[in-house]
Structure formats: C-alpha cells, structure tokens
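Chains as they are written, first to last, in our numbering: chain A, 1 to 178; chain B, 179 to 356. Even glycine gets a Cβ: it sits at the ideal position worked out from N, Cα and C. Scroll down for the structure; my scribbles are underneath it.
2 protein chains.
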Amino acid sequence: MPRPRILPFIILGVLNKRGASTGKIVLDEFQNEISEFWTVAHSQLYPELQKMTDEGRVSIVPNQTNAKTVVYEITSIGKADLEAWLQEPVTEQNSALTSLKLYFVQERQAPELRAMIIADVKLHVEKLHHLQGRFTDLFSEADQIAGNYGHYLILTRAIERETNYVAWANGVLNDLDN
Amino acid sequence: MPRPRILPFIILGVLNKRGASTGKIVLDEFQNEISEFWTVAHSQLYPELQKMTDEGRVSIVPNQTNAKTVVYEITSIGKADLEAWLQEPVTEQNSALTSLKLYFVQERQAPELRAMIIADVKLHVEKLHHLQGRFTDLFSEADQIAGNYGHYLILTRAIERETNYVAWANGVLNDLDN
DNA sequence: GCTTCCATGTAAGTAGTTACATGATTGC
DNA sequence: GCAATCATGTAACTACTTACATGGAAGC
C-alpha cells in the first residue's frame with residue numbers, strides 16, 4: 001500500500017486558487033508562499049503535471065502566444081479530488097498537513113475551516129500534555145537538567161511551541177465567532 | 179552529488195548519549211524522544227546499523243546473554259564524525275537540524291551550544307522579517323484578507339511561530355550567561 | 001543573427017515507507 | 001513444549017534530489 005500522496009493535491013490547490021497557470025507559476029507559488037510547509041523540485045513537478053493530465057485531474061489550455069510554456073487548469077474531477085482531500089479528517093498522522101490545507105481555504109466563512117482547526121487544536125493539546133508529562137518525568141529535579149541540557153532545551157522548546165500554537169488557534173476560533 | 183545524510187549522525191548521537199545499545203533501544207529513542215524532529219522505520223534503521231558497522235563508525239559488542247539482539251556502540255571514528263557534524267555551520271538549508279543537534283549536546287557548558295543557537299536565531303530573525311514584509315505586501319488593507327483567509331491564517335501563524343522561537347532562543351542565551 | 005536566459009524535460013541515484021518474513025525468547 | 005510476542009531482517013515500491021539536457025524566447 002503506497003503512502004498517501006500530497007504533491008498532486010497541492011498542485012490542485014494552487015491551480016484552483018490561481019486559475020490556469022503554467023508549471024513555472026505553480027513552482028513559484030511553492031517557493032514564495034508555502035515553502036514553509038512544502039517544497040518541490042521542478043524535476044518532480046513537471047512530470048507530475050503530465051501524469052495528472054493523463055489522469056484527467058488537470059487539463060492543458062491551448063496556448064498560442066508562447067510555444068514553450070504549458071498552461072494547465074484544474075478540471076471538475078480535480079476540483080472534486082481537492083475538495084475531498086480538504087475534508088479528510090485531521091489525524092495524528094496527517095496533522096502537519098493542516099497548515100497546508102488552511103492555505104487553500106479561501107473564504108473565512110468556509111464550513112470546513114472551523115472543524116479543521118478544532119480537530120487540530122485537540123491533537124496539539126494532547127501532544128502538549130504528553131510533553132508536559134515527559135518534562136515532569138525527566139526534569140522535575142534541577143540536577144537532572146545538568147547532564148542532559150540539550151534534551152532539556154528541545155523539550156522546553158517543544159512545550160513552548162505547542163503552547164503557542166494552541167493559543168494562536170484558539171484566537172482564530174474566537175475571531176471566527178465574531 | 180548525493181544529498182547530505184542525516185540518519186547515520188542521529189544514530190551516532192543516540193549511541194554516544196546512551197552508550198552501547200541494541201537496535202531496538204535506538205529505535206525507541208527515536209520514537210520517544212525525537213519523533214518531533216525525526217522518525218525512522220526499523221526497516222531503514224537495521225540495515226543502516228549494518229552499513230555503519232562495515233564503515234567502522236559503530237562496532238558490535240559481543241553479547242552472550244541474548245542470541246537475538248545485537249548490541250552496537252560508537253567507535254572513535256564515529257565519535258569524530260558526530261563531533262564534526264555537530265560543528266557544521268548552521269545555514270538556511272540545514273537550519274531545521276538545529277533542534278536535532280541540540281538534543282545531542284549534553285553539557286550546558288558545551289562550547290558549540292552558544293554558537294549554534296546564535297546562528298539559528300540570526301536565520302529565524304531574517305525569516306521573520308521576510309514574513310513580515312510579505313504580510314505588509316499582501317494584507318495591509320483589511321479587504322485583502324477576506325478572499326484569501328487561509329493564506330492570511332498561515333502567514334500570521336508563521337509570523338507568530340518565528341516570533342515565539344526567537345523569544346525562546348534569546349531566553350536560552352540569557353540563561354547561558356548566568 | 002547571435003548569445004544568453006529560461007521553462008521544461010529526463011535520467012540516475014538515494015531515502016523512506018509499507019508489507020512480509022524469520023527465528024529467538026518469553027510466558028504460561 | 002506450545003503460543004504469542006518481539007527484535008531483526010528483506011523486498012518492493014514510491015518519493016525526492018541532484019545533475020544534465022534541450023529548444024524556444026528575449027535582448028541586443
């Protein structure tokens with residue numbers, strides 16, 4: 001069983017967001033806007049676009065002005081695929097994708113938005129509790145820190161990061177209510 | 179030119195930190211302590227340990243008590259490799275490895291610690307400025323947010339995350355001075 | 001028209017994942 | 001001793017990276 005693919009959905013998301021675009025434009029969107037979460041080499045992108053054309057998820061737009069560039073647009077099949085992907089439930093396995101999915105939600109009123117964030121917050125709260133438990137186990141005595149300072153650092157960092165995330169997400173949820 | 183390998187160094191780091199260990203113990207360390215930053219499947223770990231044995235970076239400790247488990251320890255060659263890896267300069271390319279490297283620094287007084295954090299903070303500050311610039315470009319007017327709410331969200335999240343990281347790291351640097 | 005870029009394409013190699021397999025050990 | 005578990009091993013497949021290649025476009 002192959003591992004779940006992500007790249008095709010990101011391509012679909014970009015094409016859906018930007019409308020018909022050349023491969024180069026998609027590539028730039030990767031590099032400029034979502035390189036925090038996802039990167040791709042052009043040598044992976046171009047063949048993927050070809051494959052997705054064969055699959056009917058994108059189509060090539062005839063392009064007279066420039067014989068070299070290829071313009072792609074998302075098809076109705078592709079739109080359905082994208083929509084289904086966005087609505088897959090957030091799990092521990094795929095939680096890292098939430099930021100990426102958020103990026104493709106354009107409307108503040110989108111119904112899936114609240115659910116995605118709530119599910120994600122739940123997971124991060126669980127992780128936070130787990131990390132806090134680890135901290136208590138490992139570093140409740142001051143002298144336990146001395147010989148494991150690096151471990152102490154990354155554990156405090158992880159706790160800080162999760163705390164900050166949860167606070168941010170709760171702020172967003174509050175904002176959505178107004 | 180192959181891409182830089184990370185797995186062998188993490189294995190070396192774990193063996194250096196924990197002393198002679200079985201493959202399973204190394205695997206557990208991955209899953210329990212650094213799964214935030216790095217994961218590995220056992221099917222990748224065991225062959226790697228064999229390969230590193232051939233390379234002389236780890237050695238097999240004779241084990242009479244259990245014919246099944248294999249105990250490995252880091253060799254002097256492996257220790258030198260690990261030390262060199264930890265001291266490689268932090269760059270934009272490998273900045274994500276800093277947390278991982280920190281984990282393997284055991285002593286608060288370790289000379290490389292300050293330098294690693296300072297270099298990393300510098301990169302994160304640059305990234306923060308870049309993100310703030312993007313925000314100004316894209317969302318200085320309130321109505322620009324409405325139709326790109328997902329993008330707005332992940333950009334504010336990224337800014338928040340970098341701000342939080344820089345604050346945390348500066349706190350650590352302060353702490354190191356006392 | 002010549003050169004320099006640039007968008008796209010291709011190939012080879014490494015990394016990582018899932019699934020399956022094996023033989024020792026442990027619990028009863 | 002038998003069953004179940006567990007540490008290790010192997011195989012097949014996909015993802016990703018680097019390097020190299022090509023032919024049109026654009027600048028002069």
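Proximity of chain B to Ser99/A at the Cβ level (cut-off 8 Å) is accounted for by Ile332 and Arg335, in chain order. Counting along the chain, no beta strand (DSSP E) covers Val299/B; the unbroken alpha helix (DSSP H) around it starts and ends at Pro289 to Phe317. From the listed residues Arg157/A, Lys122/A and Ile117/A, the smallest Cα separation to Arg134/A is found for Arg157/A. The Cβ neighbour count for Ala96/A, taken over all protein chains shown within 10 Å, is under 16; the residue is labelled exposed. Residue environment for Asp54/A: exposed (fewer than 16 other C-beta atoms within 10 angstroms of its C-beta).
Counting the other CB atoms within 10 Å of its CB gives Pro186/B a total of 16 or more, which places it among the buried residues. Between the alpha carbons of Ser221/B and Ser237/B lies a gap of roughly 19 Å. About 5 Å separates the Cβ atoms of Tyr152/A and Ile145/A, confirming a contact at the 8 Å cut-off. Counting the other CB atoms within 10 Å of its CB gives Thr276/B a total of 16 or more, which places it among the buried residues. In the three-state reduction of the DSSP assignment, Ile252/B falls in the strand class, which pools E and B. Counting other Cβ atoms within 10 Å of its Cβ, Ile11/A reaches 16 or more and is therefore classed as buried.
Listed along chain B, no residue sits closer than 8 Å to Phe9/A by beta-carbon distance, the nearest being about 14 Å off. Under the DSSP assignment, Ile323/B falls in the alpha helix (DSSP H) whose first and last residues are Asp321 to Ala324. In this structure, the alpha-carbon of Lys101/A lies about 14 Å from that of Ser35/A.
Bridge partners of Ser21/A according to DSSP: Tyr72/A.
When C-beta distances to chain A are compared with 7 Å, the residues of the region 318–332 of chain B below that value are Ala324, Gly325, Asn326, Tyr327, Gly328, His329, Leu331 and Ile332, in chain order. Exposed is the label assigned to Val239/B, since fewer than 16 other Cβ atoms lie within 10 Å of its Cβ.
For Gln209/B, no chain A residue has a Cβ inside 8 Å of its Cβ, as the nearest lies near 12 Å away. Bridge pairing for Ser221/B: absent [DSSP]. Nothing from the region 295–313 of chain B brings a Cβ to less than 7 Å from some Cβ of chain A. When rounded, the separation of the alpha-carbon atoms in Asp315/B and Ile332/B is 15 Å.
The C-beta of Val204/B comes no closer than 7 Å to any C-beta of chain A. The beta carbon of Asn170/A does not come within 7 Å of any beta carbon belonging to chain B, so the residue lies off that interface. Interface with chain A (7 Å Cβ-Cβ cutoff): Val344/B is excluded. Taken through DSSP and simplified to helix, strand or coil, Ile34/A comes out as coil. Assigned with DSSP and collapsed to three states, Val283/B falls in coil, not helix or strand. DSSP lists Ile74/A as the bridge partner or partners of Val58/A. Ranking Val344/B, Arg196/B, Phe317/B and Pro267/B by CA distance to the CA of Val249/B puts Arg196/B first. Using a Cβ distance threshold of 7 Å, Leu306/B and Glu340/B count as a contacting pair. Not one beta carbon of chain A lies nearer than 7 Å to the beta carbon of Tyr250/B. Going by DSSP, Asn342/B is part of the alpha helix (DSSP H) stretching over Tyr327 to Leu354. When DSSP states are grouped into helix, strand and coil, Ile188/B belongs to the helix group. Between Leu260/B and Gly191/B, the gap from beta carbon to beta carbon is short of 7 Å. With at least 16 other beta carbons inside 10 angstroms of its own, Ser199/B counts as buried. A direct Cα-Cα distance of roughly 53 Å separates Ala320/B from Glu226/B.
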